[in-house]
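Each remark here refers to the structure printed beneath this line.
Protein chains: 2
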Amino acid sequence: MKKKITLKHIARELEVSISTVSKALKDSAEISKDTKEKIQAFAKLYNYRPNNIALSLKNRRTKNIGVIIPEIVHHFFATVIRGIEKYANNRGYNVIICVSNESFDKEVINMEMLANGSTDGFIMALSAETEFKEDFNHLREVMEQGMPLVLFDRVTNEIDCDKVVIDDREGAYSATKKLINNGNKRIALFTTENFFSVSSEREEGYKQALLDHNYEVSENLILKLDYIDMDNKPIEDFFDREKVDAVLCVNETFGIRAIRVVQEMGLKVPEDVSLIGFTNGFLSKYSYPSLTTVDQHGGDMGEKAAQMLIDRLESEDENEIYETKVLKSTLIERESTIN
Amino acid sequence: MKKKITLKHIARELEVSISTVSKALKDSAEISKDTKEKIQAFAKLYNYRPNNIALSLKNRRTKNIGVIIPEIVHHFFATVIRGIEKYANNRGYNVIICVSNESFDKEVINMEMLANGSTDGFIMALSAETEFKEDFNHLREVMEQGMPLVLFDRVTNEIDCDKVVIDDREGAYSATKKLINNGNKRIALFTTENFFSVSSEREEGYKQALLDHNYEVSENLILKLDYIDMDNKPIEDFFDREKVDAVLCVNETFGIRAIRVVQEMGLKVPEDVSLIGFTNGFLSKYSYPSLTTVDQHGGDMGEKAAQMLIDRLESEDENEIYETKVLKSTLIERESTIN
DNA sequence: AGAAATCACGAAAACGGTTTCGTGTTGATA
DNA sequence: TATCAACACGAAACCGTTTTCGTGATTTCT
């Protein structure tokens, strides 16, 4: 087994000091041309690479960024990670990912774990439980320790830090408006419990669009679905109970499930019922009919979050002014709405 | 800004030596009860946590495991990661994820980056380009440095290391057999280029099943699709050219796209054409009709890979005997095949 | 009382780098 | 020829831990 070579090995072998080796490899002017060439050649031959851990300890920066997301088997979060990865790698950072699995405790544990030296900063979306409990002390702690934090998508006003979100309200507003313009009369909303910041924003947008177009806002048309339970019964009951000709869904799966229920009731999409979802994932794209959806631009969001974090990490002065970047969502029109 | 507290701080504050603090916090018998209590109380008060980087340097182990996957916006790989995460976290390891984006160069760069101290070992699935080029020197290098490597799904015989795969051949065999038993006569295969280890395995299984049941194997019934290009034209052309009553697809998207094309041709699934895919993802589950599919058990695969890696990391003796764990795939019957 | 054992703690090395500062040797200058 | 830069390199501190070993003080034993 070929152990990794260190400065010490090179120094011993070439009978110079460790400092000389270190300087030679950095092409320091302090070292003579001959010595430098000798050392560099040797290092190259043995494929010397500095040990990241030692560098981290010395420099007090890891060049790692910690990402904590609620779930990874999820199109939107996966695209965000891809965006983060892409941007961070370009700027020489590694990405350490932890999954909170929507659990407050796991979020806290992961955060503490990473905060003890493993990363220079955090990018995260809050877990469902954290949004529900509204307990953000772990976020405050890392910020007090001087570790920058960027929240995305699932954010909170309680914490003053950089944030990246899409215009959830506006996205829901335009989607609803689209349905209205298409002539739909009774437009329902399928959403989750309100403790999700994004859901309540989207609900606001939906309601506002209705109001602005003199539609009545009825709580009867708002169906709150469990975000875990996959049973379609509540959806079927809803369609039995309420006669609607359009539904805005706050995510992709609700949209797909709604399509399915509508079809099973013998109704046609979009002729009888139009549907719009959120998250432009594979499901929306490949479903039959394909689902009109509000694209959240996860990749851009990830890139932007990474940029904000790294900029802050690398800026000299501590800027106490935090920014919230709002990305514009895009309505992707497909077959579940009338063109 | 509250900087992280170190042993040195505690030592200075309590006017003892760093060694005493360290020992006290480990409840060493060397230190008197009084001193220990004092130090422990102080550490608790200031929420002392040892610096992971320093520990890594000292112990020469990071408790990180590096995962390199070709793509993260991908149901199967995401489930594998979830499995790895779950298992690794339980055993006190962090997971560092890098995405090769199907590129050989990025795979190499990521690997070198992580190998210089960031991780104790690797779990990876080969990028498409790596499988195509058949250049595995980067894998050999990390192994020579004593870093354990576990390959999953996209593996190679060229490298002697632990592996986790599903019985791709067997999975394709049973799926094909299922179609045969259902009475289908002309069974096509939609696959990718052969350099993907999994695709060629699945092709073998498909052919073997046909042969074993006295079906003719015809290359005309095997359609090789590009794994990037999303254009359905080749599929349409195929159905125009060949009359088939069943298709086995080596992944989920091929399956979904095939359903779509079949439907657009005015044919019925599964009455006119039966379809089976691979990867039990959301698409299969939510498509209409839902897709019968071979479940690859990504989560189990991830857990198993993590277990193999960590076991090796923590075992005393260097065991030179490597294991290939073959997980059993499961056929999930849905609406795209006749029950 | 003197020797031995025990106790409680500190000094120092080590992990693998970077960096500041000191120093011996050389060559140029007055 | 004496003085002084410039040069080329090494020693040592430092990042935050752990751990071995040494040591002064107290206790125990003879």
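Quick note, the sequences are listed as chains H and P, same order. Under this note's numbering, the first residue of the first sequence is numbered 1, with each subsequent residue one higher. Under this note's numbering, the first residue of the second sequence is numbered 340, with each subsequent residue one higher. Glycine residues also receive a C-beta, built at the ideal position from the N, C-alpha and C atoms.
By the three-class DSSP mapping on this structure, what secondary structure does residue i have?
| i | result |
| --- | --- |
| G510 of chain P | helix |
| I39 of chain H | helix |
| A115 of chain H | helix |
| D162 of chain H | strand |
| A54 of chain H | helix |
| A368 of chain P | coil |
| K445 of chain P | helix |
| M143 of chain H | helix |
| K86 of chain H | helix |
| S613 of chain P | strand |
| A464 of chain P | coil |
| I81 of chain H | helix |
| V250 of chain H | coil |
| V355 of chain P | coil |
| V412 of chain P | coil |
| V99 of chain H | strand |
| T676 of chain P | coil |
| D120 of chain H | coil |
| I5 of chain H | coil |
| T176 of chain H | helix |
| R202 of chain H | helix |
Who pairs with residue i in a beta bridge, going by DSSP?
| i | result |
| --- | --- |
| G183 of chain H | Its beta-bridge partners do not exist; DSSP assigns none. |
| N64 of chain H | H:N94 |
| K472 of chain P | The partner list for K472 of chain P (beta bridge, DSSP) is empty, contrary to what the question assumes. |
| K563 of chain P | P:T530 |
| G266 of chain H | None, per the DSSP bridge assignment. |
| F152 of chain H | H:V164 |
| L331 of chain H | H:V294 |
| K325 of chain H | H:V164 |
Does at least one heavy atom of the ligand SAM sit under 7 Å from the Cβ of residue i?
| i | result |
| --- | --- |
| I411 of chain P | In terms of ligand content, the structure shown is empty, and the ligand SAM therefore cannot be addressed. |
For residue i, return the contacting residues in chain P, with the cut-off set at a CB-CB distance below 7 Å.
| i | result |
| --- | --- |
| M113 of chain H | N433 |
| H75 of chain H | V412 |
| S127 of chain H | Correct list: empty, because the minimum Cβ distance to chain P is about 14 Å. |
Using only CA atoms, which one of the options lies nearest to residue i?
| i | options | result |
| --- | --- | --- |
| H75 of chain H | H:T253, H:L291 and H:Y48 | H:T253 |
| E659 of chain P | P:I498, P:R388, P:F475 and P:I435 | P:I498 |
| L587 of chain P | P:S439, P:K445, P:S358 and P:T515 | P:T515 |
| P609 of chain P | P:P628, P:G456 and P:T531 | P:P628 |
| S174 of chain H | H:M147, H:E203, H:F196 and H:N157 | H:E203 |
| E129 of chain H | H:V273, H:K86, H:V108 and H:L149 | H:V108 |
| C161 of chain H | H:S199, H:R61, H:P148 and H:H9 | H:P148 |
| I423 of chain P | H:I97, H:N90, H:G66 and H:K86 | H:I97 |
| N391 of chain P | P:N433, P:I378, P:V412 and P:A350 | P:N433 |
| A115 of chain H | H:V250, H:R61 and H:D168 | H:R61 |
| F381 of chain P | P:T345, P:P409 and P:D506 | P:T345 |
I want to verify the contact list: residues of chain P whose CB lies under 9 Å from the CB of residue i, in sequence order.
| i | result |
| --- | --- |
| V99 of chain H | I420, R421, E424, K425, N428 and V434 |
| T292 of chain H | Here the premise fails: no neighbours, minimum Cβ distance about 16 Å. |
| L57 of chain H | N390, I392, A393, S395 and L396 |
| M7 of chain H | In the sequence as displayed, the identity of residue 7 of chain H is Leu instead of Met. None at all; the shortest Cβ gap to chain P is about 13 Å. |
List the residues of chain H whose Cβ lies closer than 7 Å to the Cβ of residue i, in chain order.
| i | result |
| --- | --- |
| R651 of chain P | Going along chain H, no residue has its Cβ under 7 Å from R651 of chain P, so there is no contact; the nearest lies around 13 Å. |
Could you list which residues in chain P have their beta carbon closer than 8 Å to that of residue i, in chain order?
| i | result |
| --- | --- |
| E144 of chain H | M340 and K341 |
| T62 of chain H | I392 |
| N116 of chain H | K343, R388, P389, N390 and N391 |
Which residues in chain H sit within 9 Å of residue i, going by Cβ to Cβ distance?
| i | result |
| --- | --- |
| Q602 of chain P | Y288 |
| F621 of chain P | V73, H75, E252, T253, I256, G281, F282 and L283 |
Listing by chain order, which chain H residues have their CB less than 8 Å from the CB of residue i?
| i | result |
| --- | --- |
| A417 of chain P | I72, V73, H74 and A78 |
| R599 of chain P | Y286 and Y288 |
| S367 of chain P | Under the 8 Å cutoff, chain H gives no residues; its nearest Cβ is about 21 Å from S367 of chain P. |
Any 3 or more C-beta pairs closer than 8 Å across the segment 363–376 of chain P and the segment 132–143 of chain H: no
Meets three-Cβ-pair contact criterion under 8 Å: the segment 275–293 of chain H and the segment 66–80 of chain H: yes
Touch test, the segment 637–647 of chain P against the segment 590–607 of chain P, Cβ-Cβ under 8 Å, three pairs minimum: no
Stretch pair the segment 178–185 of chain H + the segment 229–238 of chain H: three plus CB contacts closer than 8 Å: no
Cβ contact check for the segment 97–109 of chain H and the segment 43–51 of chain H: 3 or more pairs under 8 Å: no
Contact the segment 313–327 of chain H vs the segment 343–358 of chain P: 3+ CB pairs below 8 Å: no
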